[in-house]
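*Asks:* Below you will find the structure I want to go over with you.
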Amino acid sequence: MRNNIPGLFLIALFSVACTSSPEEVKFQRYRVAGERLYATHCVACHMADGSGFKKLYPPLTGHDFLTEQFEKTLCTIRFGSNDSLTINNVQYTLPMPDLKLTNLETAEIATFIYNSWGLEKGLIGVNEVAEITKGCE
Amino acid sequence: MISSKNLSSIVSIALFLFLFAAIISCSEKKESGHQRLPYLGRHDIVKNEKDGKISVDTVYHSIADFRFVNQDSAWITNETFEGKIYVADFFFTSCPDICPKMNTQMLRVYDSLREMKDLAFLSHTIDPVTDSVRVLKDFADRLGVSSSRWHFVTGEKEVLYKLGQVSYMASMADEGPGGLVHSGRFFLIDKERRIRGAYDGTDALEVNDLIRDIQRLAAEYEK
């Protein structure tokens with residue numbers, strides 16, 4: 001039995017690997033890539049826990065903006081925004097810069113933030129983002 | 138001919154003496170107190186002749202005269218900071234990359250040294266076109282800081298840039314629309330307008346050093 005540890009390990013590995021569906025794997029890849037992109041592009045203002053900073057940069061948690069304004073959120077990530085918006089009775093007026101992100105990067109960041117801090121929206125794919133961001137103002 | 142036994146004794150004694158000397162010199166340093174903060178920038182050596190005697194003075198680099206408008210539309214000059222230690226930086230309100238980090242770090246310095254009376258903060262905008270007094274006031278209010286302690290100033294672009302580049306030796310450039318480039322440094326200025334430290338405002342560890350150095354600088358004046 002002892003000599004079979006590599007074999008046992010392989011069996012365990014296969015059984016774990018094979019229980020993840022292709023959809024689950026794709027979702028995790030998007031989410032992990034999004035987490036890394038968030039750390040690079042978003043953390044400085046919105047903070048690592050999405051709580052924002054003072055009345056300068058809005059939080060991404062504790063309100064319904066993300067769920068109620070899905071297209072606007074995607075457009076903002078993709079192109080930046082000069083609009084002021086009101087969240088939790090605070091009006092935020094500073095422009096969000098155009099970070100020059102691609103549709104895929106936008107989809108990855110969106111998958112991360114829409115599945116963090118209590119949200120569980122599932123995969124937001126690049127095709128969906130490409131379609132929606134065609135109509136951004 | 139030195140035997141190996143004698144040699145090892147000699148080495149042990151030498152090591153012991155060395156350690157002894159090291160400990161003595163280290164304790165001596167401690168007794169003399171911490172060293173003064175450095176003076177940044179070019180020094181000039183000036184010769185003075187008085188009563189036939191020649192003395193040599195070091196003239197340290199200092200911040201030039203300035204006059205800007207702050208978020209309350211008040212004129213802010215060197216006199217505003219007389220008798221005060223202050224921390225200066227260069228930023229603009231719509232800056233996307235390093236400014237948010239700088240703001241959070243500067244706020245940390247501001248919050249952690251609230252009780253220090255002779256301390257002030259001076260943030261210069263390098264985008265005076267966008268950052269009007271009204272925009273700066275809004276920004277400062279949103280940050281939640283008192284304008285009597287943390288001044289956000291604007292003025293003529295060439296004047297701001299010249300002060301930044303010459304007095305503070307901070308690098309900044311306007312590379313066209315959306316292309317304002319600047320360093321994220323925080324500068325520690327003493328009561329005689331001399332630069333005593335420069336810290337990367339995006340690096341929390343360097344900002345820890347700034348907080349420590351502000352306290353050391355304040356202690357220098359108490360002696």
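Chains as they are written, first to last, in the working numbering: chain W, 1 to 137; chain G, 138 to 360. Note that the Cβ used here is the ideal one computed from N, Cα and C, for glycine as well.
Please identify, using Cβ separations under 9 Å, the residues of the segment 211-235 of chain G that lie next to chain W, in order along the chain.
*Replies:* 230, 231, 232, 233, 234, 235
*Asks:* Using a 10 Å radius around the Cβ and a threshold of 16 neighbouring Cβ atoms, would you call residue 69/W buried or exposed?
*Replies:* Position 69 of the first sequence, counting from 1, holds the residue named residue 69/W. Classification for residue 69/W: exposed.
*Asks:* Taking only beta-carbon atoms, is residue 280/G less than 8 Å away from chain W?
*Replies:* Translated into the one-based positions of the second sequence, residue 280/G becomes position 143. Yes, residue 280/G lies at the interface with chain W (some Cβ there is under 8 Å from its Cβ).
*Asks:* Quick one: which unbroken alpha helix (DSSP H) runs of 4-plus residues sit fully inside the segment 215-279 of chain G? Chain order, please.
*Replies:* 235-249
*Asks:* On the premise that residue 173/G lies in contact with residue 198/G, defined as a C-beta separation below 8 Å, what is that separation, rounded to the nearest angstrom?
*Replies:* Start at 1 with the first residue of the second sequence, and residue 198/G comes out as number 61. Start at 1 with the first residue of the second sequence, and residue 173/G comes out as number 36. Not really, about 16 Å apart at Cβ, beyond 8 Å.
*Asks:* Just checking residue 317/G against the ligand GDP - is the residue's beta carbon closer than 7 Å to any of the ligand's heavy atoms?
*Replies:* The ligand GDP is absent from the structure shown, which contains no ligand whatsoever.
*Asks:* Which residue's Cα is closest to the Cα of residue 355/G: 328/G, 294/G, 225/G?
*Replies:* If you number the second sequence from 1, residue 355/G lands on position 218. That would be 328/G, whose Cα lies nearest to the Cα of residue 355/G.
*Asks:* Please report how far the alpha carbon of residue 359/G lies from the alpha carbon of residue 220/G, in whole angstroms.
*Replies:* In the second sequence, counting from the first residue as 1, residue 359/G sits at position 222. In the second sequence, counting from the first residue as 1, residue 220/G sits at position 83. Cα-Cα distance, rounded: 13 Å.
*Asks:* To the nearest angstrom, how far is the alpha carbon of residue 233/G from that of residue 96/W?
*Replies:* Residue numbering aside, residue 233/G sits at position 96 when the second sequence is read from its first letter. Residue numbering aside, residue 96/W sits at position 96 when the first sequence is read from its first letter. About 7 Å.
*Asks:* Which ranges does the alpha helix (DSSP H) cover as unbroken runs of at least 4 residues, wholly within the segment 71-131 of chain W, from first to last along the chain?
*Replies:* 103-113
*Asks:* Using a Cβ-Cβ distance under 8 Å, would residue 55/W count as near chain G?
*Replies:* As a working note, residue 55/W is residue 55 in the first sequence. Taking Cβ atoms only, chain G reaches closer than 8 Å to residue 55/W, which makes this a yes.
*Asks:* Can the beta-carbon of residue 300/G be found closer than 8 Å to that of residue 208/G?
*Replies:* Walking along the second sequence from the start, residue 300/G turns up at place 163. Walking along the second sequence from the start, residue 208/G turns up at place 71. No.
*Asks:* Grab me the residues of residue 168/G's own chain with a C-beta within less than 6 Å of its C-beta, minus the 5 sequence neighbours each way, in chain order.
*Replies:* Taking the first residue of the second sequence as 1, we reach residue 168/G at position 31. Low local confidence applies: a pLDDT of 37 at residue 168/G is under 50, so the model's placement there is unreliable, with the coordinate-based value given in what follows. By the criterion of a C-beta distance shorter than 6 Å, residue 168/G is surrounded by no residue of its chain, once the five residues flanking it on both sides are discounted.
*Asks:* Is there a Cβ of chain W sitting closer than 8 Å to that of residue 262/G, yes or no?
*Replies:* Sequence index remark: in the second sequence, residue 262/G carries index 125 (1-based). Not closer than 8 Å to any Cβ of chain W, the Cβ of residue 262/G fails to qualify, so no.
*Asks:* Find the nearest neighbour of residue 216/G within the set 278/G, 227/G, 204/G, judged by alpha-carbon distance.
*Replies:* Stepping through the second sequence from its first residue, residue 216/G is reached at position 79. The residue with the shortest Cα to Cα distance from residue 216/G is 204/G.
*Asks:* Can you list, in chain order, the residues of its chain whose CB lies under 6 Å from that of residue 261/G, leaving out five sequence neighbours each side?
*Replies:* For the purposes of this step, residue 261/G is identified with residue 124 of the second sequence, where counting begins at 1. These residues qualify, in order along the chain: 227, 290, 297.
*Asks:* Tell me the rounded alpha-carbon separation between residue 112/W and residue 60/W.
*Replies:* To locate residue 112/W, count along the first sequence from 1; it is residue 112. To locate residue 60/W, count along the first sequence from 1; it is residue 60. Going by the C-alpha atoms only, they are around 12 Å apart.
*Asks:* Who are the Cβ neighbours of residue 343/G in its own chain at under 6 Å, not counting the five residues just before and after it?
*Replies:* Position 206 of the second sequence, counted from the first residue, corresponds to residue 343/G. For residue 343/G, where only same-chain residues beyond five positions count, the Cβ hits under 6 Å are 336, 337.
*Asks:* Does the beta-carbon of residue 282/G have 16 or more other beta-carbons within 10 angstroms, so that it is buried, or is it exposed?
*Replies:* As a first step, residue 282/G must be located in the second sequence, where it is residue number 145. When all chains shown are included, residue 282/G counts as buried.
*Asks:* In whole angstroms, what separates the C-alpha of residue 332/G from that of residue 51/W?
*Replies:* If you number the second sequence from 1, residue 332/G lands on position 195. If you number the first sequence from 1, residue 51/W lands on position 51. Looking at the two C-alpha atoms, the distance is approximately 35 Å.
*Asks:* Which residues, taken in chain order from the segment 43-69 of chain W, show a beta carbon closer than 7 Å to some beta carbon of chain G?
*Replies:* Here the close residues are 44, 45, 53, 54, 55, 56, 57.
*Asks:* With H, G and I counted as helix, E and B as strand and the rest as coil, what does DSSP make of residue 185/G?
*Replies:* Here the question's residue 185/G lines up with position 48 in the second sequence. Here residue 185/G sits in strand by DSSP.
*Asks:* For residue 74/W and residue 129/W, which I take to be in contact (beta-carbon distance under 8 Å), what is that distance rounded to the nearest angstrom?
*Replies:* Your numbering for residue 74/W matches position 74 in the first sequence. Your numbering for residue 129/W matches position 129 in the first sequence. Confirmed, about 6 Å.
*Asks:* I need the DSSP call for residue 317/G, collapsed to helix, strand or coil.
*Replies:* Indexing the second sequence from 1 puts residue 317/G at position 180. Here residue 317/G sits in strand by DSSP.
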